[in-house]
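Position one of the sequence shown corresponds to residue 195 (this note's numbering), numbered consecutively onward.
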Amino acid sequence: DDVLYGGAAGGGKTMVLFDDVVNRAFYYPGTRIALFRRHFSGEMQQKLLPWARELGKEMERLKIGNWREDEKTLEWFNACKSGCRHEIYGGLGVSEHQSSVMALYHAEHDEDVHAHQGEDISVLAMDELTTFSEYQIRFLKGRCMRGPSFIPIKFRSTTNPGGVSHQYAGMRFYCCQYA
């Protein structure tokens, strides 16, 4: 299930992406989310990190999770509440106490993605997809693994027009225009 949200700057794409993956962490206990930006500066520092820190503070206040600054991760404790997939499908081998985790990463150079070689990612989110090389995109998508059977593998991305992988994204998401 791949989704690309594109458009001009300032349309709220990054917030929609962040909200989507956060909702998945609540709804599917045990979800492993990797949210990438090409560069650490810019949106990562101005938006994603502050949003994650603020959400982490609220989660700590409610005793349902926390933010780890050193690892740039949010962790949901006992993410499953009434009506989540765990209850609906009878557990499917997952403890109701299994945590969901979202990590914020950047991959400025092609070789930076190799740090994620052994990662088990159920939701890959790439903000500004066309700033990444095709190699980085394909490599990271290859890390998407099915964990518990009820956690759907998802690929979510945002983009502005242009960028080094504009043609790849065009062929992947708008095949008729770029064929």
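Note that CB positions come from ideal geometry on N, CA and C, so glycine has one too.
Contact belief for residue i with residue j at Cβ below 8 Å, rounded distance in angstroms
i	j	result
R226	V295	6 Å
M339	F230	Between F230 and M339 the Cβ distance is about 16 Å, and since that is not below 8 Å, they are no contact.
Q330	V307	5 Å
E248	N260	Contact doesn't hold; Cβ gap of about 13 Å is too wide.
E302	R232	6 Å
E313	R337	5 Å
Pairwise C-alpha distance: residue j and residue i
i	j	result
A203	L318	22 Å
S327	S359	6 Å
Q311	K257	32 Å
P355	G200	7 Å
K241	D304	24 Å
L286	G224	Residue confidence for L286 is low, a pLDDT of 39 falling below 50, so the modelled location carries little weight; the figure read from the coordinates is stated next. Looking at the two C-alpha atoms, the distance is approximately 12 Å.
L253	A219	Note that residue 253 is Met in the sequence shown here, rather than Leu. Roughly 13 Å between the two C-alpha positions.
D214	I315	15 Å
L198	E265	27 Å
T353	M238	15 Å
A228	G206	20 Å
D196	K335	10 Å
T208	A309	24 Å
I347	V216	15 Å
G250	F212	13 Å
F271	G357	38 Å
Bridge partner(s) assigned by DSSP for residue i
i	result
G267	First, the residue type needs correcting, since residue 267 is Thr and not Gly in the sequence shown. Looking at the DSSP assignment, T267 forms a beta bridge with R262 and A297.
M396	The requested residue 396 is not part of the displayed model; the chain covers only 195 to 373.
V197	R350
Selection from the options that minimises the alpha carbon distance to residue i
i	options	result
Y299	A246, Q361 and K348	A246
A297	G201, D213 and T267	T267
I345	A309, N354, Y222 and G336	Y222
R332	E322, Y362 and D314	Y362
G236	D195, T325 and I315	T325
E263	E252, L243 and A228	L243
Near the ligand SAM: residue i beta-carbon under 6 Å from a heavy atom
i	result
F230	Ligands displayed in this structure: none; no statement on the ligand SAM is therefore possible.
Contact with chain E by residue i, beta-carbon distance below 7 Å
i	result
T324	Going by chain labels, chain E is absent from the structure shown, which holds only one protein chain.
Complete alpha helix (DSSP H) runs within the stretch 331-357 (minimum length 4 residues, chain order): none
Runs of beta strand (DSSP E) lying entirely within the stretch 207-248, each at least 3 residues, in chain order: 226-231
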